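Data block below; observations after.
Protein chains: 2
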Amino acid sequence: MRLTAVAPSLALLLALPALRADEGMWTFDNLPLAQLKAAHGFEPTREWLDHLRLASLRFPGGSGSFVSADGLVLTNHHVVRGLVQRLSTRERDLLKDGFVAADRGAELKVPGLELMQLVQAVDITARVAQAPGRTEAEVLRARELESQKAREELRVRTGLTVEIVSLYQGGQTWLYGYRKFTDVRLVVAPELAVARFGGDYDNFTYPRHHLDFALLRVYEQGRPYRPEHHLAWTRGGLKAGDSTFVSGHPGSTSRLWTLSQMRHARDAGTPRQIKTMERRRAALEAFAARGFEARALVGGQIYSLDNGLKATRGYLAGLKDAEGMAQVEAAERRLVAAVAADPRLKAEAGGSWERIEGALRESEALAPETQVVHARSSELLATALNLVRIPAEVAKPEKDRLPEFSDGGLQALRERLIKPRPVPFDAALEVHLLTDGLKEAQEVLGADHPFVKAMLGGATPEAAARKAVEGSRLQDPDEVRRLLDGGAPALAASGDAMIALARILDPFQRDLRTRTEARVEGPLRDHAARIARARFALYGTSTYPDATFTLRFSAGAVAAYPANGTLIQPFTTFHGLMDRFEGWGGTASGLDRDTWRLPARWLARRDTLTLTTPYNFVSTNDIIGGNSGSPVVDKRGELVGLAFDGNLESLPARYYYDGRANRTVSVDARAILEVLAKIYEAPRLVAELTGK
Amino acid sequence: MRLTAVAPSLALLLALPALRADEGMWTFDNLPLAQLKAAHGFEPTREWLDHLRLASLRFPGGSGSFVSADGLVLTNHHVVRGLVQRLSTRERDLLKDGFVAADRGAELKVPGLELMQLVQAVDITARVAQAPGRTEAEVLRARELESQKAREELRVRTGLTVEIVSLYQGGQTWLYGYRKFTDVRLVVAPELAVARFGGDYDNFTYPRHHLDFALLRVYEQGRPYRPEHHLAWTRGGLKAGDSTFVSGHPGSTSRLWTLSQMRHARDAGTPRQIKTMERRRAALEAFAARGFEARALVGGQIYSLDNGLKATRGYLAGLKDAEGMAQVEAAERRLVAAVAADPRLKAEAGGSWERIEGALRESEALAPETQVVHARSSELLATALNLVRIPAEVAKPEKDRLPEFSDGGLQALRERLIKPRPVPFDAALEVHLLTDGLKEAQEVLGADHPFVKAMLGGATPEAAARKAVEGSRLQDPDEVRRLLDGGAPALAASGDAMIALARILDPFQRDLRTRTEARVEGPLRDHAARIARARFALYGTSTYPDATFTLRFSAGAVAAYPANGTLIQPFTTFHGLMDRFEGWGGTASGLDRDTWRLPARWLARRDTLTLTTPYNFVSTNDIIGGNSGSPVVDKRGELVGLAFDGNLESLPARYYYDGRANRTVSVDARAILEVLAKIYEAPRLVAELTGK
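Residue numbers (our numbering), protein chains in the order written: chain A, 1 to 692; chain B, 1 to 692.
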């Protein structure tokens with residue numbers, strides 16, 4: 001285990017929370033090169049880094065990479081699980097039976113899947129900082145508009161998909177330009193039983209035995225795309241202690257939160273969030289129980305809720321860990337002292353910690369309404385609400401609109417609203433979920449609350465939901481386009497029942513947003529930004545920004561860790577898979593039917609496997625959800641593994657990094673070749689991946 | 001997992017802490033038959049129980065059982081590890097290389113090993129209760145003498161080795177008569193590397209891969225002993241959910257302690273104990289570092305300290321577990337309320353909880369002296385102290401003596417003092433440990449403390465220790481016998497330097513004992529007994545007594561449990577052993593050289609093993625240290641496993657049982673036959689064990 005920290009300058013030592021050697025999700029423009037050299041004896045060249053960055057891809061909610069000259073893309077099975085499920089039919093269950101394309105012609109187009117490659121990153125911090133304004137609010141608004149203007153300029157100039165990225169909680173503003181790939185086809189997906197062996201039980205744990213990979217291929221103009229950069233497959237392999245580098249898209253961390261924010265999350269926010277997720281899961285599960293098609297429709301959502309629930313419980317455990325929180329508290333004490341010692345910073349942020357505490361108290365008062373006054377329980381209702389609002393907002397000067405209706409945001413919103421549906425529409429599901437949302441509102445606010453009375457209009461939740469869904473045509477993109485193009489008159493003339501419901505929701509939700517903005521979000525944003533500016537003034541880019549689902553680099557090494565009373569081995573092997581299969585003795589009754597089971601194809605061919613082949617491994621890389629599918633490379637830049645999870649001990653890293661037991665869990669690259677050759681009998685793919 | 005509790009009567013429900021189905025280390029005379037029937041659908045016959053009891057054996061510090069008609073005895077490797085080490089020479093390292101007797105003639109006599117078989121148990125509670133006395137102290141003393149008289153009577157009448165056993169903290173007094181076997185020979189001991197695969201890291205953990213078994217054979221008159229009862233080896237095997245029954249000797253539990261005793265242990269006693277053990281371990285390790293012979297001499301002590309340390313840390317974790325302690329607190333609250341509600345019990349024990357708290361406070365004041373004023377750091381000093389005290393004590397009326405010098409105790413003490421040494425005497429070790437003990441006294445009490453000044457006599461600890469050891473002949477049993485037989489005159493004439501040191505220690509230690517007895521132990525014993533009597537009056541034998549290293553019966557079932565974020569599999573297999581071996585990738589640098597390594601014999605023959613064979617398993621049986629080596633039998637009474645450990649989650653069971661994750665870890669009987677056949681090539685033993 002590497003715990004040696006790089007010695008920063010003395011001034012930093014006094015103020016900066018000491019970074020563990022392998023702590024940090026760094027942007028490619030600001031890598032800790034001295035730290036890399038000290039901890040890993042490694043000085044990557046510009047070429048090495050560009051190659052890794054340009055081979056990296058972003059999936060919806062995950063990461064991936066180009067791994068062959070003919071555009072093969074490697075990611076996790078669980079990143080594309082919902083898509084694989086939607087490619088399944090009753091006759092062809094790709095989750096249960098897996099999928100291996102017999103040849104390129106048999107590769108399956110994945111509708112709606114878009115992969116993003118980060119090709120340009122522009123720092124617009126200075127430009128945005130010059131935006132004028134008399135009051136603080138005006139300045140903030142002007143900066144936002146300036147960012148959107150810059151984004152639009154870059155989009156037009158380059159044709160790239162451009163996103164505004166705020167780093168260091170507003171310390172820096174960047175434009176990230178992505179090349180987008182929209183023709184992506186499925187090449188290999190293992191059976192779900194091995195891809196998620198041990199199911200939700202083993203999720204976030206280690207020792208692990210997951211074949212959590214999938215291969216896809218990017219096409220352009222109907223032909224395999226030949227990427228400029230793809231990762232070469234390792235010819236050797238890792239051993240304990242070897243350095244590992246991860247390039248991927250960590251989704252979100254809150255390491256720069258104040259202690260009071262973390263305590264609020266611990267005592268109120270996170271427990272409430274868990275309850276909400278549990279309720280949503282129960283509603284989806286009740287729907288899935290209706291049959292095969294129903295489960296196919298919502299199975300992906302249930303998986304991701306299960307994943308989210310276990311993760312959120314792990315975050316909560318981190319917030320409840322006395323030792324970890326003491327670390328957070330110490331870091332905050334140092335920052336507060338440093339701010340207090342500098343008159344300028346003190347004027348800027350000295351009172352911000354107290355103001356944040358006040359805002360958190362206000363958020364508790366608004367919590368019941370926040371929980372239910374929204375359009376999240378129904379996809380159609382969300383669409384209707386946007387349709388209702390667009391003409392009203394467009395009629396206002398840009399600076400007075402709700403932020404998502406700025407000129408820059410509007411275009412993206414319109415595109416989103418008329419995009420072909422990735423999931424077939426199911427009216428029964430829509431009714432089911434909207435009913436549950438209305439019931440929840442009734443339970444949380446009481447039947448006599450004006451919002452509840454207005455939404456139900458005297459009917460039961462189910463009747464109200466049925467009426468709105470059955471009286472709506474918003475599932476049809478053409479109808480949505482017609483209403484968008486027709487503007488206020490078309491909308492006024494529409495008798496769509498969901499539009500009618502959205503008109504009821506609209507004023508309640510606007511009012512709640514106004515109050516929330518004034519009492520909670522405005523002060524939180526303002527004072528978090530003040531603290532962030534003070535921190536940035538003190539520490540600058542000597543540290544790394546919180547995760548933002550943008551491309552990051554993480555360094556680490558293969559390392560055992562202490563857990564379950566012992567040291568946990570750095571690698572598992574196929575022997576371990578067989579042990580965990582046999583160790584349940586064929587009697588997993590009462591458990592999920594596919595938990596710790598092996599597919600027939602595996603049982604038939606198990607004797608062909610070299611069981612000592614490394615299967616999964618753990619390394620000290622600092623990653624989080626969104627990094628799933630990230631390539632793991634060695635110092636040569638060769639692909640040695642495929643990150644798919646963190647261990648339980650990594651979950652508190654949402655709030656603070658603790659290198660003693662925080663581990664990234666990856667599929668070993670050798671295991672993928674082994675199963676492609678022995679189980680899936682795809683020598684063609686082995687040859688393509690190994691460049692032979 | 002079985003968590004269904006048997007419904008007790010309503011009256012009990014109100015007062016009795018609800019027993020988990022598999023909670024309890026029951027005496028064979030008082031088995032929870034209704035509970036067995038309800039939880040396991042099992043009604044053992046008298047014959048079934050007698051057979052299991054009489055096949056069971058007690059080892060020094062462990063358990064075992066007869067497993068063949070020709071007297072083969074099965075126990076854990078770790079129970080006889082110290083003995084195996086002492087049978088080793090530089091040329092024949094039985095720990096490293098293992099041992100398999102080529103034939104009966106090659107079986108190795110184990111010097112000093114005595115096995116005990118419980119053949120008679122007599123309840124003398126009523127007899128002892130009649131012992132007369134005017135004061136409470138007189139009554140206690142009279143009871144003690146009466147017990148010892150009864151023991152001596154039974155010993156003379158039966159020729160058995162008789163022990164007084166106090167159950168339910170004095171609620172019952174029994175005489176247990178043992179048949180003793182003194183000619184025991186080693187037949188099979190696997191290599192240490194597989195017997196304790198994973199070393200201290202894996203100790204008390206699961207999933208586990210320990211081949212922790214050894215076979216010995218009892219001889220009588222030079223011929224294999226043919227026991228009336230031996231356990232038949234299973235012909236089938238266990239599966240998850242199957243019932244398992246353990247017969248063995250749990251050493252010690254403290255489940256009937258008061259909450260204040262547990263809190264005192266948590267905050268003061270146990271942390272202090274851990275420090276003392278760590279100091280002792282460091283002293284032994286420093287000695288072992290001198291070379292092969294030194295390590296051979298103390299290796300067993302180090303092993304057992306490591307084991308004890310990990311266990312004690314687990315006990316401490318239990319004491320620190322809020323949920324577990326809440327359970328203890330609730331049980332105590334019920335008992336206190338029940339006592340308060342009964343005028344007679346209230347008069348007896350109503351004030352006892354407060355008195356126990358007072359005694360614990362007193363014990364803290366005496367703690368520094370208690371830590372160092374004793375003869376435990378030197379074996380010779382302990383012998384000398386007994387020699388000095390015997391004539392002085394014998395001269396007093398029996399009732400005024402220190403308890404261990406009563407007529408009954410004296411005989412056992414004399415025998416112990418002149419028994420041939422099981423370990424060769426090593427003057428350097430003796431000096432080393434006595435030096436450390438004297439240093440500790442200096443550190444704890446200060447150089448100016450009268451005790452320290454007297455013991456050192458102006459010399460350094462090392463010089464004082466060297467003088468005492470080198471000037472002593474007490475390592476020679478003949479010299480000890482001479483001094484015992486010669487009585488006070490012989491002792492007075494002796495110029496033995498260790499006797500001289502013991503004469504200095506004696507008054508300090510007597511004074512400390514007097515104060516401790518008056519302020520701590522007397523009140524603790526008195527009030528613990530009052531509470532115990534009240535509890536016994538309320539609950540009787542509907543519950544089970546704390547462990548006393550006497551034979552107990554425990555029922556359970558093979559069951560997974562939640563840990564490390566998932567469900568832990570009920571069985572491991574040889575695949576798991578290979579996985580954990582390969583998973584360290586051959587690079588266990590920095591760890592013990594034999595940790596997670598396999599011996600050459602195993603690597604050469606690994607391909608012969610059927611890797612799917614169950615290896616270790618977990619069950620819900622309620623056991624604790626001392627149960628090591630206990631047979632695990634199924635409903636047919638056939639040997640299905642060999643208990644060798646509890647998981648980490650079982651350690652808090654020293655204080656309270658929590659069936660959710662408390663598991664006994666056993667070697668599967670099938671694994672033993674598999675390795676005897678394939679690795680150790682001993683078909684003769686396989687045939688003997690399977691009765692073929």
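Where is the CB? At the ideal position from N, CA and C, for every residue including glycine.
None of the values given here were measured: they were computed from a predicted structure.
- Secondary structure note for residue 303 (chain A): its alpha helix (DSSP H) is the uninterrupted segment 292-320.
- Taking a Cβ-Cβ threshold of 7 Å, the residues of chain A close to residue 567 (chain B) are 201, in chain order.
- Within chain B, not a single residue places a beta-carbon under 7 Å from that of residue 634 (chain A); the smallest gap is close to 15 Å.
- Between the C-alpha atoms of residue 149 (chain B) and residue 408 (chain B) there is a straight-line separation of about 7 Å.
- Scanning its chain for C-beta atoms nearer than 7 Å, with the 5 sequence neighbours on each side dropped, one finds around residue 123 (chain A) the residues 172, 174, in chain order.
- In this structure, DSSP gives residue 451 (chain A) a helical state, which the three-state scheme calls helix.
- Relative to residue 612 (chain A), the option among B:627, B:625, B:647, B:582 whose CA is nearest is B:582.
- Annotation for residue 177 (chain A): the continuous beta strand (DSSP E) segment containing it runs 172-181.
- Uninterrupted beta strand (DSSP E) stretches at least 3 residues long and entirely within the stretch 509-592 of chain A occur at 552-557, 561-563, 566-568, 571-573, given in chain order.
- Assignment of beta-bridge partners to residue 233 (chain B) by DSSP yields B:639.
- Within chain A, the residues placing a beta-carbon under 7 Å from that of residue 580 (chain B) are 569, ordered along the chain.
- In the DSSP assignment, residue 489 (chain B) falls within the alpha helix (DSSP H) that extends over 477-493.
- A residue is called buried when at least 16 other Cβ atoms come within 10 angstroms of its Cβ; residue 485 (chain A) does not meet this threshold and is exposed.
- The beta carbon of residue 205 (chain A) sits closer than 9 Å to some beta carbon of chain B.
- Bounds of any alpha helix (DSSP H) do not take in residue 58 (chain B); it lies within the beta strand (DSSP E) bounded by 56-59.
- Contact annotation: residue 74 (chain B) and residue 642 (chain B) have beta-carbon atoms nearer than 9 Å.
- For residue 371 (chain A), no beta strand (DSSP E) run applies; the uninterrupted alpha helix (DSSP H) run containing it begins and ends at 352-372, by DSSP.
- By the Cβ neighbour-count rule, residue 89 (chain B) is exposed, with fewer than 16 other Cβ atoms within 10 Å of its own.
- DSSP, read as helix, strand or coil, puts residue 116 (chain A) in strand.
- At a cut-off of 9 Å between beta-carbon atoms, residue 234 (chain A) makes no contact with chain B.
- For residue 310 (chain A), the nearest beta carbon of chain B is closer than 9 Å to its own beta carbon.
- DSSP assignment within the stretch 99-144 of chain A yields the following whole alpha helix (DSSP H) runs of 4 residues or more, N-terminal first: 125-129.
- Judged by DSSP in its simplified three-state form, residue 390 (chain A) adopts helix.
- Sixteen is the threshold: since fewer than 16 other Cβ atoms of the shown chains lie within 10 Å of the Cβ of residue 351 (chain A), the residue is exposed.
- When only Cα atoms are considered, residue 166 (chain A) and residue 253 (chain A) end up about 13 Å apart.
- Among the bridge pairs identified by DSSP, residue 243 (chain B) is matched with B:557.
- Checking the DSSP bridge columns, you'll see residue 214 (chain A) partnered with A:75.
- For residue 681 (chain A) and residue 674 (chain A), the gap between their C-alpha atoms comes out near 10 Å.
- Close partners of residue 648 (chain A) in chain B (Cβ separation under 8 Å): 564, 565.
- Taking the C-beta atoms as reference points, residue 52 (chain A) is found no nearer than 9 Å to residue 243 (chain A).
- Assignment of residue 397 (chain A) by DSSP, reduced to helix, strand and coil, places it in the coil class.
- Cβ contact annotation for residue 127 (chain B) (same chain, cutoff 7 Å, sequence separation greater than five): 146, 150, in chain order.
- The shortest CA-to-CA distance from residue 647 (chain B) to any of B:200, B:102, B:240 is the one to B:200.
- Across the structure, residue 309 (chain A) and residue 688 (chain A) are spaced so that their CA atoms are roughly 38 Å apart.
- Legend: CB atoms of the stretch 62-96 of chain A lying less than 8 Å from CB atoms of chain B are not found in any residue.
- By the Cβ-count criterion, residue 619 (chain B) is buried, with 16 or more other Cβ atoms from all chains shown falling within 10 Å of its own Cβ.
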